[in-house]
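Novice:
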Amino acid sequence: MSHILAIGIATLDIVNTVDHYPAEDEELRASDQRVVPGGNAANSAWVLSQLGHRVDLAAVLAREPDGERLAGLLSARGIGLEHCATREGRTPCSYITVNARNGSRTIVHYRDLPELDAAHLAGVPVERMDWVHLEGRDGAITGAMLRTLRERLVDQPVSLEVEKERPGVDRLFGLPDVILFSRPFARGRGFESAEAFLRDMGGRCRKTILVCTWGEAGAWARDGAGRLHHAPAVSPPRVVDTLGAGDTFNAGLIHGLASGRTVPEALDFAVRLAGRKVGQAGLDGLGGAS
Numbered sequence: 150m151s152h153i154l155a156i157g158i159a160t161l162d163i164v165n166t167v168d169h170y171p172a173e174d175e176e177l178r179a180s181d182q183r184v185v186p187g188g189n190a191a192n193s194a195w196v197l198s199q200l201g202h203r204v205d206l207a208a209v210l211a212r213e214p215d216g217e218r219l220a221g222l223l224s225a226r227g228i229g230l231e232h233c234a235t236r237e238g239r240t241p242c243s244y245i246t247v248n249a250r251n252g253s254r255t256i257v258h259y260r261d262l263p264e265l266d267a268a269h270l271a272g273v274p275v276e277r278m279d280w281v282h283l284e285g286r287d288g289a290i291t292g293a294m295l296r297t298l299r300e301r302l303v304d305q306p307v308s309l310e311v312e313k314e315r316p317g318v319d320r321l322f323g324l325p326d327v328i329l330f331s332r333p334f335a336r337g338r339g340f341e342s343a344e345a346f347l348r349d350m351g352g353r354c355r356k357t358i359l360v361c362t363w364g365e366a367g368a369w370a371r372d373g374a375g376r377l378h379h380a381p382a383v384s385p386p387r388v389v390d391t392l393g394a395g396d397t398f399n400a401g402l403i404h405g406l407a408s409g410r411t412v413p414e415a416l417d418f419a420v421r422l423a424g425r426k427v428g429q430a431g432l433d434g435l436g437g438a439s
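Numbering (the working numbering), first residue to last: 150 to 439.
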């Protein structure tokens with residue numbers, strides 16, 4: 150399996166399951182609570198670790214008790230932390246309400262901890278990695294990271310997740326080998342289908358593998374030769390928890406490509422893995438997929 154570096158943020162997720170979404174000013178008892186590591190890159194790293202890869206995380210951890218707790222939770226899930234930075238401040242926390250009726254998740258996120266900067270990569274042996282995956286966050290910082298990686302890597306693939314509209318994000322599109330877009334991002338650009346969005350993006354990133362998820366309709370990919378591929382959604386018997394489904398999809402796609410699968414094969418694997426995830430609570434137990 151591959152040695153993968155995931156670059157992004159790590160949070161402490163406090164997940165409450167309730168039997169219905171509360172109305173404003175309602176008092177409601179949770180039927181279940183779990184405290185787990187979160188953040189897009191950390192979640193994808195967790196799934197990739199279960200799929201048999203050696204995974205390191207590059208993120209900022211706070212020097213305080215919650216930061217130590219978060220580090221312990223990540224380490225227990227097989228994620229290497231030697232390339233993380235530590236800073237003074239409070240650990241980023243996500244307070245998440247999962248509606249047991251439909252599996253929806255509502256997130257209130259708090260953070261004031263500085264994010265990882267590009268200079269930190271100088272001390273990370275990226276040349277030893279087989280794959281590097283980044284969250285698309287601040288455009289200037291992420292761009293500097295991508296350019297640093299391009300200078301130091303030989304032929305290792307670099308993937309970028311673009312979940313939200315952020316300043317300077319367009320300047321990133323020519324740098325990765327694989328870009329994973331979300332439906333909200335595509336819709337925010339005025340597109341009502343993944344196919345139309347990928348065709349438009351393909352004119353700007355001709356050799357890049359472009360992927361766009363579209364919820365219940367599945368996911369589409371445009372390979373480096375310009376061909377479009379579709380994998381229909383795989384729905385579980387019951388939707389239990391959609392939290393982390395996108396991060397699971399991303400991990401599944403990276404796993405497929407890093408394992409030598411074709412773009413349509415990797416896309417199909419990612420969709421099936423995400424379908425398994427929404428049929429269960431949390432991200433544990435996703436290993437052993439084929």
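Note that the Cβ used here is the ideal one computed from N, Cα and C, for glycine as well. Source: prediction; values computed, not measured.
(1) Let's test the definition: count the other Cβ atoms within 10 Å of the Cβ of residue 313 and tell me whether it reaches 16, buried, or not, exposed.
(2) For chain D, find out if any of its Cβ atoms is closer than 8 Å to the Cβ of residue 340; answer yes or no.
(3) My understanding is that residue 251 touches residue 164, with C-beta atoms under 8 Å, so please give their C-beta distance in whole angstroms.
(4) Are residue 223 and residue 186 closer than 8 Å when you measure CB to CB?
(5) Our contact map puts residue 318 next to residue 311 with C-beta atoms below 8 Å; I'd like the distance itself, whole angstroms only.
(6) With 16 other CB atoms within 10 Å as the buried threshold, where does residue 305 fall?
(7) I'd like to know whether the C-beta atoms of residue 373 and residue 200 end up nearer to each other than 8 Å.
(8) So what's residue 310 in DSSP terms, helix, strand or just coil?
(9) Grab me the residues of residue 273's own chain with a C-beta within less than 8 Å of its C-beta, minus the 5 sequence neighbours each way, in chain order.
(10) How long is the line joining the alpha carbons of residue 297 and residue 194, rounded to whole angstroms?
(11) Reducing DSSP to helix, strand and coil, say where residue 398 ends up.
(12) What is the DSSP secondary structure of residue 284, reduced to helix, strand or coil?
(13) Along the chain, where does the alpha helix (DSSP H) containing residue 346 start, and where does it finish?
(14) Taking the beta strand (DSSP E) that residue 207 falls in, what are its first and last residues?
(15) Could you tell me the distance, in whole angstroms, from the CA atom of residue 241 to the CA atom of residue 346?
(16) Could you tell me the alpha carbon to alpha carbon distance between residue 411 and residue 419, rounded to whole angstroms?
(17) Between which two residues does the beta strand (DSSP E) containing residue 369 stretch?
(18) Kindly indicate the opening and closing residues of the beta strand (DSSP E) around residue 249.
(19) Have a look at 375, 285, 173 and 424 and flag the residue whose alpha-carbon is nearest the alpha-carbon of residue 381.
(20) Residue 428 by DSSP, collapsed to three states: which one?
(21) Which same chain residues end up closer than 6 Å to residue 158 when comparing Cβ atoms and leaving out the 5 residues on each side of it in sequence?
(22) Would a C-beta distance cut-off of 8 Å place residue 354 and residue 323 closer than the cut-off?
(23) Taking the runs of the beta strand (DSSP E) that are 3 residues or longer, which of them lie wholly in the region 212 to 271?
Specialist: For this structure:
(1) Here the question's residue 313 lines up with position 164 in the sequence shown. When all chains shown are included, residue 313 counts as exposed.
(2) Checking the listed chains, one finds no chain D in this structure; it contains a single protein chain.
(3) If you number the sequence shown from 1, residue 251 lands on position 102. If you number the sequence shown from 1, residue 164 lands on position 15. Not quite, the Cβ-Cβ distance comes to about 16 Å (not below 8 Å), so this is no contact.
(4) Locating residue 223 in the sequence shown gives position 74, where the first residue counts as 1. Locating residue 186 in the sequence shown gives position 37, where the first residue counts as 1. Yes, Cβ-Cβ distance for residue 223 and residue 186 is below 8 Å.
(5) Reading the sequence shown from its first residue, position 169 is the one you call residue 318. Reading the sequence shown from its first residue, position 162 is the one you call residue 311. The Cβ separation is near 6 Å, so the contact holds.
(6) Residue numbering aside, residue 305 sits at position 156 when the sequence shown is read from its first letter. Buried, because 16 or more other Cβ atoms sit within 10 Å of the Cβ of residue 305.
(7) Position 224 of the sequence shown, counting from 1, holds the residue named residue 373. Position 51 of the sequence shown, counting from 1, holds the residue named residue 200. Contact: no.
(8) Your numbering for residue 310 matches position 161 in the sequence shown. Strand at residue 310.
(9) Here residue 273 is taken as the residue at index 124 of the sequence shown, counted from 1. For residue 273, where only same-chain residues beyond five positions count, the Cβ hits under 8 Å are 154, 207 and 232.
(10) The residue you call residue 297 lines up with position 148 of the sequence shown. The residue you call residue 194 lines up with position 45 of the sequence shown. Going from the Cα of residue 297 to the Cα of residue 194 covers about 21 Å.
(11) Within the sequence shown, residue 398 is the residue found at index 249, counting from 1. In the structure shown, residue 398 sits in a helix (DSSP, three-state: H, G or I).
(12) On the sequence shown, position 135 is the one that residue 284 refers to. Assignment of residue 284 by DSSP, reduced to helix, strand and coil, places it in the strand class.
(13) On the sequence shown, residue 346 is found 197 positions in, with the first residue counted as 1. Unbroken alpha helix (DSSP H) run through residue 346: 343 to 351.
(14) Within the sequence shown, the letter at position 58 stands for residue 207. From DSSP, the beta strand (DSSP E) with residue 207 extends over 203 to 207.
(15) Residue numbering aside, residue 241 sits at position 92 when the sequence shown is read from its first letter. Residue numbering aside, residue 346 sits at position 197 when the sequence shown is read from its first letter. C-alpha of residue 241 to C-alpha of residue 346: approximately 33 Å in a straight line.
(16) As a working note, residue 411 is residue 262 in the sequence shown. As a working note, residue 419 is residue 270 in the sequence shown. For residue 411 and residue 419, the distance between alpha carbons rounds to 12 Å.
(17) Numbered from its first residue, the sequence shown carries residue 369 at position 220. Residues 368 to 371.
(18) In the sequence shown, counting from the first residue as 1, residue 249 sits at position 100. Element bounds for residue 249: n/a, residue is neither H nor E.
(19) Within the sequence shown, numbered from 1, the residue matching residue 381 stands at position 232. When C-alpha distances from residue 381 are compared across 375, 285, 173 and 424, the shortest belongs to 424.
(20) For the purposes of this step, residue 428 is taken as the residue at position 279 of the sequence shown. Here residue 428 sits in coil by DSSP.
(21) Counting from one through the sequence shown, the residue named residue 158 turns up at place 9. Closer than 6 Å at Cβ, skipping near neighbours: 188 and 208.
(22) The residue you call residue 354 lines up with position 205 of the sequence shown. The residue you call residue 323 lines up with position 174 of the sequence shown. In contact: residue 354 and residue 323 (Cβ atoms closer than 8 Å).
(23) Segments of the beta strand (DSSP E) lying fully in the region 212 to 271: 234 to 236, 242 to 248 and 254 to 259.
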